[in-house]
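The next block holds one structure in the form of structure tokens; read it before the comments.
Number of protein chains: 2
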Amino acid sequence: MSYDAETMERLFNPASVVVVGASRKTGPGSFNIVENLVNYGYKGRLYAVNPKASEIFGVPCFPRAADLPEVPDLAIITVPREMVPQVVRDCCERGIKSFILVPQGMAEADETGAEIQAELMAVLRAHGARALGPNTLGTVNVFDGFISSFMPITRRPALPTGLVCQTGLFLATDLGPSTGLGKGIDIGNQADVGFPEALRHLADDPRVKVVAIHMEGLRPGEGRLFLDVLRETVKKKPVLVYKTGRSAAGAEAASSHSGSLAGSYEVYEAALESAGAVLLRDTDDMDDSVKAFLRLAPLRGRRIAVVTASGGGGIMAADAIGEYGLELARLTPETLKALADIYPDWMEPGNPLDVWPAAIGKLYPEVFVKCFDLVADDPNVDGIICVAGAFEREGFNLPEFLA
Amino acid sequence: MSYDAETMERLFNPASVVVVGASRKTGPGSFNIVENLVNYGYKGRLYAVNPKASEIFGVPCFPRAADLPEVPDLAIITVPREMVPQVVRDCCERGIKSFILVPQGMAEADETGAEIQAELMAVLRAHGARALGPNTLGTVNVFDGFISSFMPITRRPALPTGLVCQTGLFLATDLGPSTGLGKGIDIGNQADVGFPEALRHLADDPRVKVVAIHMEGLRPGEGRLFLDVLRETVKKKPVLVYKTGRSAAGAEAASSHSGSLAGSYEVYEAALESAGAVLLRDTDDMDDSVKAFLRLAPLRGRRIAVVTASGGGGIMAADAIGEYGLELARLTPETLKALADIYPDWMEPGNPLDVWPAAIGKLYPEVFVKCFDLVADDPNVDGIICVAGAFEREGFNLPEFLA
Chain A
2 MSYDAETMER
12 LFNPASVVVV
22 GASRKTGPGS
32 FNIVENLVNY
42 GYKGRLYAVN
52 PKASEIFGVP
62 CFPRAADLPE
72 VPDLAIITVP
82 REMVPQVVRD
92 CCERGIKSFI
102 LVPQGMAEAD
112 ETGAEIQAEL
122 MAVLRAHGAR
132 ALGPNTLGTV
142 NVFDGFISSF
152 MPITRRPALP
162 TGLVCQTGLF
172 LATDLGPSTG
182 LGKGIDIGNQ
192 ADVGFPEALR
202 HLADDPRVKV
212 VAIHMEGLRP
222 GEGRLFLDVL
232 RETVKKKPVL
242 VYKTGRSAAG
252 AEAASSHSGS
262 LAGSYEVYEA
272 ALESAGAVLL
282 RDTDDMDDSV
292 KAFLRLAPLR
302 GRRIAVVTAS
312 GGGGIMAADA
322 IGEYGLELAR
332 LTPETLKALA
342 DIYPDWMEPG
352 NPLDVWPAAI
362 GKLYPEVFVK
372 CFDLVADDPN
382 VDGIICVAGA
392 FEREGFNLPE
402 FLA
Chain B
2 MSYDAETMER
12 LFNPASVVVV
22 GASRKTGPGS
32 FNIVENLVNY
42 GYKGRLYAVN
52 PKASEIFGVP
62 CFPRAADLPE
72 VPDLAIITVP
82 REMVPQVVRD
92 CCERGIKSFI
102 LVPQGMAEAD
112 ETGAEIQAEL
122 MAVLRAHGAR
132 ALGPNTLGTV
142 NVFDGFISSF
152 MPITRRPALP
162 TGLVCQTGLF
172 LATDLGPSTG
182 LGKGIDIGNQ
192 ADVGFPEALR
202 HLADDPRVKV
212 VAIHMEGLRP
222 GEGRLFLDVL
232 RETVKKKPVL
242 VYKTGRSAAG
252 AEAASSHSGS
262 LAGSYEVYEA
272 ALESAGAVLL
282 RDTDDMDDSV
292 KAFLRLAPLR
302 GRRIAVVTAS
312 GGGGIMAADA
322 IGEYGLELAR
332 LTPETLKALA
342 DIYPDWMEPG
352 NPLDVWPAAI
362 GKLYPEVFVK
372 CFDLVADDPN
382 VDGIICVAGA
392 FEREGFNLPE
402 FLA
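Same order as they appear, the protein sequences are chains A and B. So the first sequence is numbered by the numbering used here: it starts at 2 and just counts up by one. So the second sequence is numbered by the numbering used here: it starts at 2 and just counts up by one.
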């Protein structure tokens, strides 16, 4: 299917939304999408469909989609699985073209679910409509102030990070980029919208500087398209991929969660890396890598200096340098000479540079910054790892230096 | 050297202490051991030696060790390196038998430092005295309320963890077991007291339930003794070892930090594991492992169930089970049948067990605990990984179940 920019925009940033199957419950455990949208500060026009209410949290509520006073950009569907095809048909007949389908129990579950999903897809195709899900928490758009989540999500400041995931875990918890998000999308069981479209949308949004992906598996036959989009995206911004379902046990579990064929991890790994993605190992790795790509410019080369307040910490950093294919920079004689003037006679400075002996009896932050500046000016140094407590000094700009 | 329990006890829990070279500075950057001891709440008798003061923070101060009104259990020495042999001699002549030597710049630094250290060792031997360090932060004893650190350390509740390290980083920061400590010792450059004695002391303290070790390197010729102590210790409590200086770069750095010969990591790894230690990869690993050994009983076997609030999280856990040599438990037909009664028709419960579909429209914590209990009673299950927000329920005791 060709890329549909308008659908993706409606999924993330609808001017008007209807929640079909909206509940009147409130408080912990109520999983009320209307309440969450209101609390999140959604500024668009909001409607609910529920035959038992005329208003929910101040939002006008109608018995059927046919009764809606306008055609909303997006319908969020949250009804039992067997009702989904009919409810979507009603919305389509009212003219709605974009859907977020929350319900579980579709093709990923059993034969009946697969039949329901087939019927649902036929309805969508007949009306030229598109859908995210089923089995999805939907989207989070911190930039523009929209969520579709049934889990309550507190609005935090937007960060230029985009996330595509296959579980709401990343959107509704502190997992993933704890630094924060700009836009996130849970593609669920990918009945319609899949990874290629989601990535393309984030690639095209200039507010997104780094894209992180949590993937259980692509749809059969979709690999080439996804890799093409990936190759185009990495020309503009880094793409980090955390692929789960790596072990046999994990792959089997993925099949019953999102219905994905996890496939051989080695094949995914080779294909993703050759297309320019950075492979991640776990959720901590995602968080650290997103932070690094957001805040640091790329290294000029592999020669790393360690400036440390702890000799032991310097050794740990040197170990990591050895283990991750980097090398310890050899400081120039000029740098070593300038450093020697700061150090006591008994210590010959080197790399790792343990600042502590130079700082004994002096102001430690001053000495640390002096040492850092000397190392930073060394032409043999492509990057610096600092092991130190955080401190600030005017005019000190690590990302600027590393650029 | 045979194990000297009395010296080790004095290093950790002296009834009386003199700080030689005590400073009168206070506040950030003053690194004042007397101030730190007073703030930490040390209850023993405390003295200072400094020719320029008669009192420091309410602690009586004397010009020379000879003037001390009693023979303290321990002297903490913090003077420039060239003064150390003479100052230790003065203390030995006053009858002091145990020392913590803070100064850097000894054998780990240069030829002069090696000469000073040789002279120092001759003084100690001539008087039958023992020393921890040089180049050490000394000891932390949370159980009994003693520190020798020049970095200020806030007293936290004691945890049954013992730590032997070769950098003060682990004692003075939140690195290492962030759960807290009972006793910690920085063995510095190991001029006298080394890893075997430190480990033996922690092995013998019944308040210590888990021992973590950060090691740059053993002294030449000490491997057999250390492994013997390790083998004895693991009969009583788990010993976790984080060995640094693994890469060539790290090993070289270790030599100039603590004067250790890091040696081949593979040799260390094989020897430590065969003696029963658990090898750690990094500081996070230390923290996680200490927590696990403190709080969880050993597994009965390798068959692990995953009870999860997130399908995606279950797959991540299944991946980890595959990667760490464990296996996904096959739940018995009885358990699966009992679970099926909780689940909607469309979902066949399995392992990982995604609780979410069973909890839709119900009280999630109740359903989670019900699922957990059923899985916990399954004879095919040796351990459970939970992926869930924290919640409490009366009568629910995970460590008890796992025992």
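Glycine included, C-beta positions come from ideal geometry on N, C-alpha and C. These numbers come from a predicted model, not from an experiment.
- Item | Own chain partners of R394(A) with C-beta closer than 6 Å, once the 5 adjacent residues on each side are dropped | Residue confidence is low: R394(A) scores 49 on pLDDT, short of 50, so the model does not pin down where it sits. Its coordinate-derived value is still stated next. If we look at R394(A) and ignore the five residues flanking it on each side, its Cβ neighbours are V370.
- Task: For P239(A), verify whether its CB is less than 7 Å away from any heavy atom of the ligand GTP.
- Result: What this structure holds is no ligand at all, so the ligand GTP is not there to describe.
- Query: Shorter than 8 Å from the beta carbon of T155(A) to some beta carbon of chain B?
  - Reply: no
- Within this structure, are the beta carbons of S311(A) and L241(A) separated by less than 8 Å? Contact: no.
- Message: So for A67(B), helix, strand or coil by DSSP?
- Response: helix
- Query: Interface residues of chain B around E217(A) at Cβ under 8 Å?
  - Reply: In chain order: G313, I316.
- Task: Would you grab the beta carbon distance between T309(A) and V356(A) for me? Rounded to a whole angstrom, and I think it's under 8 Å.
- Result: 6 Å
- Item | Nearest-angstrom beta carbon gap, L340(B) and L375(B) [assumed within contact, 8 Å] | The C-beta separation of L375(B) from L340(B) comes to about 6 Å, placing the pair in contact by the 8 Å criterion.
- Query: So, do the region 13 to 31 of chain A and the region 136 to 149 of chain A have three or more beta carbon pairs nearer to each other than 8 Å?
  - Reply: yes
- Message: Can you list, in chain order, the residues of its chain with a C-beta nearer than 7 Å to that of T27(A)? Leave out the 5 residues immediately preceding and following it.
- Response: N33, E36
- Query: Taking the alpha-carbon positions, what's the G251(B) to A76(A) distance?
  - Reply: 57 Å
- Item | Sequence-distant residues of its chain with Cβ nearer than 7 Å to I343(B) (five each side left out) | A359, V368, K371, C372
- Item | Euclidean distance between Cα positions of D229(B) and P221(B) | 15 Å
- Cβ neighbour criterion (16 or more within 10 Å) applied to G362(A): exposed
- From the DSSP output, in three-state form, read off H258(B) for me. helix
- Item | L170(B): contacting residues in chain A (beta-carbon distance under 8 Å) | S311, G313, G314
- Cβ atoms of C62(B) and V50(B): under 8 Å apart, would you say? yes
- Query: Rounded to a whole number of angstroms, what is the C-alpha to C-alpha distance between S31(B) and R304(A)?
  - Reply: 35 Å
- Could you round the C-beta distance between L300(B) and G384(B) to whole angstroms and report it? I think they count as a contact, below 8 Å. 5 Å
- Entirely enclosed beta strand (DSSP E) segments - the region 10 to 58 of chain A, minimum 3 residues: 17 to 21, 46 to 50
- Task: Would you kindly report the start and end of the unbroken beta strand (DSSP E) that includes D309(B)?
- Result: Checking the displayed sequence, the identity of residue 309(B) turns out to be Thr instead of Asp. Start and end: 304 to 309.
- Given L102(B) as reference, the closest of T113(B), P52(B), I186(B), L297(B) once Cα atoms are compared: With distances taken between Cα atoms, L102(B) lies closest to I186(B).
- Message: Can you look up M348(A) in the DSSP assignment and give me helix, strand or coil?
- Response: coil
- 9 Å Cβ cut-off: residues of chain A touching A16(B): In chain order: nothing, as chain A lies at least about 30 Å away.
- Message: I want to verify the contact list: residues of chain B whose CB lies under 9 Å from the CB of I322(A), in sequence order.
- Response: S248, A250, G251
- Under the three-state DSSP convention, the category F147(A) falls into: strand
- Message: So the candidates are Q167(A), C93(A), I154(A); which of them puts its Cα closest to the Cα of G1(B)?
- Response: The requested residue 1(B) does not occur in the structure, where chain B is confined to residues 2 to 404.
- In chain A, which residues lie less than 8 Å from G264(B) when you measure between Cβ atoms? The contacting residues do not exist; G264(B) stays about 14 Å from chain A at best.
- In whole angstroms, what separates the C-alpha of D378(B) from that of A298(B)? 17 Å
- Y4(A), buried or exposed, once every other Cβ within 10 Å from all chains shown has been counted against 16: Residue burial annotation: Y4(A) is exposed, with fewer than 16 other C-beta atoms found within 10 angstroms of its C-beta.
- Is there a Cβ from chain A that is less than 8 Å from the Cβ of M348(B)? yes
- If you draw a straight line from the C-alpha of F196(B) to the C-alpha of E223(A), how long is it? F196(B) and E223(A) have their C-alpha atoms roughly 57 Å apart.
- Message: For a minimum of 4 consecutive residues, which ranges assigned as the alpha helix (DSSP H) are wholly contained in the region 324 to 392 of chain A?
- Response: 334 to 341, 357 to 360, 365 to 377
- Test item: CB-CB of A192(B) and P135(B) under 8 Å: yes
- Message: Relative to the C-alpha of N381(B), which candidate in P345(B), L354(B), A306(B) has its C-alpha closest?
- Response: Residue nearest to N381(B) within the set P345(B), L354(B), A306(B) is A306(B) (criterion: CA-CA distance).
- Query: Quick one: which chain A residues come within Cβ less than 8 Å of R82(B)?
  - Reply: W347
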